[in-house]
Amino acid sequence: MAVVYPFKKYNYKVTVGSLGDMGFSEISGGDISYEPIEYREGNYESSSVIKQQGIVKYGNVTLKYGLTANKALYDWLNSTQTATVKQEDVVIELLGDDHKTVLTSWTLQKAIPIKLALSDFSATGNELAVESVDIACEAIIRG
56 MAVVYPFKKY NYKVTVGSLG DMGFSEISGG DISYEPIEYR EGNYESSSVI KQQGIVKYGN
116 VTLKYGLTAN KALYDWLNST QTATVKQEDV VIELLGDDHK TVLTSWTLQK AIPIKLALSD
176 FSATGNELAV ESVDIACEAI IRG
């Protein structure tokens, strides 16, 4: 029987709807959880409750990237101040060692940016400037 190794997590591509392919140094979050519905009637022989699957909730996804002159994500976030914010599908593709083969993917459907955070600045620091954007979505679909 062949040994099946888990995928490596450091080769990935992110496409933000009409904004196109974008580079990010780190992606975090993206959890899916179901809020259980508890129910019990007074004549149950057991003292426990019945639990059924309730509403699904999708956690926010944080994308971190090196600060450049490209303001596309900032402009998308800034558009949320008007009624014309454009929901975008964000596709995260995990790539193979050849940087081309898509091993699996996740689509954040109807995503909107909800937070932008700047990195700390220090005159004595030796790091790159990094921004992060938090994305909220209506569904996370694994491809």
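Numbered per the numbering used here, the sequence shown spans residues 56 to 198. Every residue, glycine too, gets a C-beta built ideally from N, C-alpha and C.
Is it right to say residue i is buried, meaning 16 or more other beta carbons lie within 10 angstroms of its own, or is it exposed?
i, result
"residue 91", "exposed"
"residue 129", "exposed"
"residue 120", "buried"
"residue 173", "exposed"
"residue 145", "buried"
"residue 58", "exposed"
Take residue i as the anchor and find which of the options has the nearest alpha-carbon.
i, options, result
"residue 198", "159, 184, 165 and 182", "159"
"residue 64", "151, 161 and 89", "151"
"residue 108", "192, 89, 156 and 94", "89"
"residue 70", "59, 154 and 162", "162"
"residue 82", "67, 95, 93 and 59", "67"
"residue 115", "85, 98 and 95", "85"
"residue 76", "101, 125 and 95", "125"
"residue 193", "96, 169 and 94", "169"
Can you round the beta-carbon distance between residue i and residue j to whole angstroms, since I take them to be within the 8 Å contact cut?
i, j, result
"residue 79", "residue 118", "5 Å"
"residue 164", "residue 196", "6 Å"
"residue 74", "residue 131", "7 Å"
Please confirm whether residue i and residue j have their CB atoms less than 8 Å apart.
i, j, result
"residue 142", "residue 166", "yes"
"residue 113", "residue 147", "no"
"residue 110", "residue 94", "no"
"residue 122", "residue 185", "yes"
Quick check on DSSP: helix, strand or coil for residue i?
i, result
"residue 166", "strand"
"residue 109", "strand"
"residue 134", "helix"
"residue 60", "coil"
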